[in-house]
Amino acid sequence: MTESTGMLARIGRISGIAILVIAAMIALGPLLWTVTTSLRTPAEAFSNPPQWIPSHPDFSNYAAVFDRIPIGRFFFNSVIVTGLIVVGQTITCTLSGYAFAMISFPGRSVIFGIFLATMMVPLQTIIIPVFVIIRYLGLADSPLSLVVSALGSAFGTFLMRQYFMQMPRELGEAARIDGAGHFQTFLMIYAKMAGPAIATLAILNFSGFWAEFYRPLIFLQSQDNFTLPLGLVGLQGNLGTGSISVVLAGVVLAILPSVLLFIFAQRYFIAGITAGASR
Amino acid sequence: MSAVTAEVREAVVKRRGHPSSHGEARFGFAMIGLSVLFVAIFTAIPIVASLGLSFFSWDVISTPEYVGLENYRRLFTDGPVLKSFGVTLGMALAIVVLQLTIGLGLAVLVNQRKLVWVRTLFRTAFYLPLLASTAAVSIFMGYLFDYKFGVVNYYLSLLGISNVPWLTSGFGAAATIVLIAVWQQIGFTFVLFVASLMSVPTDVLEAAQIDGAGAFRTLFRIKIPLISPTILFAAVVALINAMQLFDQPYIMTKGGPGSATTTVTIQMYQKGFQNLQFGYGSAIAIVLLVAILVITGLQFLAARKLVFYQ
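In structure tokens, the structure reads:
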């Protein structure tokens, strides 16, 4: 290698690293500002320059956010709604994913084909009829409306099916010969091995529904029933621009569960994204 | 060996049925029952219902009145709604192009890093914005891009640039929302492309190196063609999402200033849920669906020339 190409390569390498560092700063900057500003006193929250490292962190905003608005209530609603959807979809999708992968029954490929077709349809194009059905079921303005309408998932079924398809059929056949029933074979052998796929689906659902804004906006009317994202947007309106540090304290509290989960289960988040690419 | 036995078994099953096929079929139906029920009620039937409703005039309270194609006729003469399609298309295309190019660029750069912890560090940084809800992002970005007090304008003022009307001018608001959406979504394309680049076989890259191909040639002639199916997937998913853009403009600008950031979904929300015109709202929803299907179709059509399948 000549000296000039070595030089060029070094310049390329250094500028590559520089671009990455700048991009990472842009990605993290707004999040860092949100955290540090939530620790400033309301009076100085909007004063520039911003404090990237709080000199005397003030946690009173976190108490204030509980005093001024029912954020505890929003949190509770979000936990219940997200929790029930995660558990519910895990059950429905594991059952149906297994059946589509391992069990032969008439109409299987047709029904699965319909599932795949519905996967392509955006939520917004069906939201009006879904809202009407919610009203007929007497679930208007109830957090349960968010749960019930999200219990089935074509994508979740597809995800679980793909995972079960890779499993050896011989295990189940052996168990059947030993006298195990269909459901026993599923539960004791295959469901036990589906842990990684279940974790991926659960985490995908948690991060998706915890952050959801559109359906709560349409389904819920009374503030007592609001989930966190919807409540926070309302909070922003209530307080005006007076003390953004209180609003930002609420924002930090809302993001925290997802970040904590991400720290402990990063690979399942990544798996959730790449799983979609295989379809 | 096992593949052969499985095939034989499959053939036998097809010809004369499984020994316990009756019980198995019943078990299969029981297993898919819950999913079929919920997907039918809350996805499949609403698709048909959405199409059906679009031929009616309905305010939820009184009985629906059949109006034929009136909602569609109205839509194609409704200036604000038509404009919202243009606004959505423009913003969506900008989001997708930026998300793909920046995501790919960052993925290529991270992929060149040999240390695993360095790669993990950058991956975490680019993924974190994705963990926040769009509502949370819209709130703090609204403050950051504030005209008078925002941090962005503060730093620009240090560089001698006077206050930029990020969210208070028409073009500014659309561009800012595009940037914010790209900022938040970049982790999605980035993670996809990193995973895909990792799967490019090293012997191919080594062969290119021996033949004297430089970094740029290797990138454009080998890596990008090899991961082009993933790029197509990312483009399709990103576009379907971007065409439904709602949260950020609804929270940050309420579709304004004027109607500069009024997307189709905001129009649909106003017509459907605020004015209680469920028929007209459904017609807008159906036209949006058709628009998404047409664009997705065009993407696949373009892909036939551009995407390289192994």
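As given, the protein sequences belong to chains A and B, one line each in that order. Numbering-wise (this note's numbering), the first sequence opens with residue 1 and increments by one. Numbering-wise (this note's numbering), the second sequence opens with residue 1001 and increments by one. Heads up, the beta-carbon is just placed ideally off N, CA and C, and yes, glycines get one too. The structure displayed is predicted, hence computed values, not measured ones.
query = In chain order, what residues of the segment 47-80 of chain A put their CB closer than 9 Å to some CB of chain B?
reply = S47, N48, P49 and P50
ask   = On the three-state DSSP scale, how would you describe A:E212?
value = coil
task = Pick helix, strand or coil for B:Y1072, following the three-state DSSP scheme.
result = helix
inquiry  = Using beta carbons (cut-off 9 Å, strictly below), is A:I218 in contact with chain B?
reply    = yes
task = Pull up the distance between the alpha-carbon of B:P1064 and that of B:Y1269, whole angstroms please.
result = 19 Å
query = Does the beta-carbon distance from A:A101 to A:Q184 come in below 9 Å?
reply = no
request  = Compare the C-beta of B:G1281 with all C-beta atoms of chain D and state if any pair is closer than 9 Å.
outcome  = Among the protein chains in the structure shown, which are A and B, there is no chain D.
Whole-angstrom C-beta distance between A:I273 and B:L1191, which should lie under 8 Å = The identity of residue 1191 of chain B in the sequence shown is Val, whereas the question assumes Leu. Indeed they touch by this definition, with Cβ atoms about 5 Å apart.
Closest Cα partner of A:S60 within the set A:A199, A:V259 and A:I244 = A:I244
query = Would you report the Cα separation of A:V110 and A:M120, rounded to the nearest angstrom?
reply = 16 Å
request  = With a threshold of 16 other CB atoms inside 10 Å of the CB of A:E44, please say whether the residue is buried or exposed.
outcome  = exposed
inquiry  = Nearest by alpha-carbon distance to B:L1037: which of A:A150, A:A199, A:L32 and A:F131 is it?
reply    = A:A150
request  = Note down, in chain order, each residue of its chain lying with its Cβ closer than 6 Å to the Cβ of A:T41, except the 5 sequence neighbours on either side.
outcome  = D58
request  = Check whether the Cβ atoms of B:A1135 and A:F213 sit closer than 9 Å, and answer yes or no.
outcome  = yes
ask   = Looking at chain B, which residues of the segment 80-113 of chain A have a Cβ within less than 8 Å of any of its Cβ atoms?
value = I91, T92, C93, L95, S96, Y98, A99, F100, I103, S104, F105, P106, R108 and I111
key: Proximal residues of chain A, C-beta to C-beta of B:L1098 below 7 Å   = Residues of chain A passing the Cβ test: none, with the nearest at roughly 13 Å.
request  = State yes or no: is the beta carbon of A:A191 nearer than 9 Å to at least one beta carbon in chain B?
outcome  = no
key: Cβ separation of B:A1174 and B:M1091, assumed to be a contact under 8 Å, to the nearest whole Å   = 6 Å
query = So what does B:Y1066 bridge to, in DSSP terms?
reply = B:F1056
query = When you compare only the Cα positions, how much space is there between B:F1278 and B:A1242?
reply = 23 Å
message = Determine, for B:R1217, whether the minimum Cβ-Cβ distance to residues of chain A falls below 9 Å.
response = no
request  = Measure from the alpha carbon of B:F1126 to the alpha carbon of each residue in A:S78, A:P30, A:K192 and A:P216, then state which is nearest.
outcome  = A:P30
request  = Report all residues from its chain with a CB closer than 8 Å to the CB of A:V233; omit the five preceding and five following residues, and keep chain order.
outcome  = F213
query = Quick one: which chain A residues come within Cβ less than 9 Å of B:Q1244?
reply = P122, L123, Q124, T125 and Y214
query = Relative to the C-alpha of B:A1025, which residue among A:L204, A:M160, A:H182 and A:R135 is closest?
reply = A:H182
inquiry  = Could you tell me the alpha carbon to alpha carbon distance between B:M1001 and A:I103, rounded to whole angstroms?
reply    = Note that B:M1001 scores a pLDDT of 39, beneath 50, so its modelled location is shaky and nothing firm can be said.
Euclidean distance between Cα positions of B:A1234 and A:R68 = 42 Å
query = With contact counted as at least three CB pairs below 8 Å, one residue from each stretch, are the segment 201-216 of chain A and the segment 15-26 of chain A in contact?
reply = no
Per-residue contacts from A:A174 into chain B (C-beta, under 9 Å) = None at all; the shortest Cβ gap to chain B is about 12 Å.
message = I believe A:L146 touches A:R73 by the beta-carbon criterion, under 8 Å. Please report the beta-carbon distance rounded to the nearest angstrom.
response = A:L146 to A:R73, Cβ: 15 Å. No contact.
request  = May I ask you to verify whether the segment 218-226 of chain A touches the segment 154-173 of chain A, counting CB pairs closer than 8 Å and requiring at least 3?
outcome  = no
key: For A:S142 and A:I295, the rounded distance between their alpha carbons   = A question about residue 295 of chain A goes unanswered here, because the residues of chain A that appear run from 1 up to 279.
ask   = Is the number of C-beta pairs between the segment 1038-1047 of chain B and the segment 125-134 of chain A that are closer than 8 Å three or more?
value = yes
message = Report the CB separation of A:A254 from B:S1138 in whole angstroms; it is logged as a contact under 8 Å.
response = With 8 Å as the limit, A:A254 and B:S1138 do not qualify as a contact, their Cβ atoms being about 12 Å apart.
ask   = If contact means a Cβ-Cβ distance below 7 Å, which residues of the segment 13-24 of chain A contact chain B?
value = G16, I19, L20, A23 and A24
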